[in-house]
């Protein structure tokens with residue numbers, strides 16, 4: 023009986039540790055750069071399950087000061103224009119997406135950069151209500167623990183820009199053969215233009231849609247104040 027009680031307590035302790043570990047990592051992530059994400063791990067598993075034993079992701083960390091100021095503004099313009107104002111969730115976009123769905127349109131995403139970061143770091147890809155539920159406390163924890171600049175810095179360093187290409191450091195080297203500090207406004211906008219689906223949309227061989235979206239993003243970057251927004255959000 024005592025053995026069973028100890029096992030039960032041990033099981034509960036392990037479950038508690040499993041539930042709390044992402045939040046502990048979020049607290050540490052305020053100062054420590056994450057070397058790997060859940061999305062990267064999933065890509066490794068996928069490659070190895072297909073027998074691609076030599077597969078390696080492309081990823082290299084760059085601090086905020088080593089990134090072109092256009093990059094942060096481009097991803098905000100493309101993905102989350104109220105990023106500086108909300109606490110992790112864009113209620114206006116969520117309401118608009120819900121109304122469009124009720125009107126018969128396809129249900130579209132309304133995820134903020136903070137939500138996307140939580141998903142990249144700790145969860146999995148694909149549509150799932152369970153994932154959406156888990157995303158909520160992780161997003162809140164990130165918003166409460168990190169500055170907006172830190173959220174952007176980590177996001178830019180882990181988001182996928184092409185198959186196996188994670189972060190603007192690897193993306194700028196792979197697609198443009200230069201450091202992320204040297205990226206121009208147009209190049210930053212091109213990278214941001216593929217973010218909705220980096221496996222479908224290509225930086226090197228952009229479709230007409232990607233080019234049109236790149237132009238739109240550049241206009242939005244100017245409307246948001248350009249690199250002055252980058253200065254305001256610095257960690």
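Numbering (the working numbering), first residue to last: 23 to 257.
Just so you know, even glycine gets a beta-carbon here, dropped at the ideal spot from N, CA and C.
All values derive from a computational prediction rather than experimental measurement.
Per DSSP, the unbroken beta strand (DSSP E) holding residue 182 starts and ends at 182-184. In the DSSP assignment, residue 187 is bridged to 80 and 184. Setting aside the 5 residues that flank it on each side, residue 83 is surrounded in the same chain by 55 and 179, each with a C-beta closer than 6 Å to its C-beta; the list follows chain order. Between residue 79 and residue 62, the CB-CB gap stays under 8 Å. A straight-line Cα-Cα distance of about 19 Å links residue 145 and residue 168.
For residue 142, the three-state secondary structure derived from DSSP is helix. Residue state for residue 179 is assigned as helix, using DSSP reduced to three classes.
Taking 8 Å as the cut-off, the Cβ atoms of residue 135 and residue 97 count as close. Residues 109, 110 and 136 of the same chain have their beta carbon placed closer than 6 Å to that of residue 165, with the five preceding and five following residues left out of the count.
Fewer than three Cβ pairs drawn from the stretch 235-246 and the stretch 59-75 lie within less than 8 Å of each other, which leaves the two stretches out of contact.
For residue 234, the uninterrupted alpha helix (DSSP H) segment begins and ends at 230-245.
In the three-state reduction of the DSSP assignment, residue 67 falls in the helix class. The beta-carbon separation of residue 64 and residue 147, rounded to 7 Å, stays under the 8 Å limit for a contact. A residue is called buried once 16 or more other Cβ atoms fall within 10 Å of its Cβ, and residue 112 is buried on that count. The shortest C-alpha to C-alpha distance from residue 203 to any of 58, 57 and 94 is the one to 94. Its chain contains 135, 136, 139 and 164 as the residues whose beta carbon lies nearer than 7 Å to that of residue 173, once the 5 sequence neighbours on both sides are disregarded; these appear in chain order.
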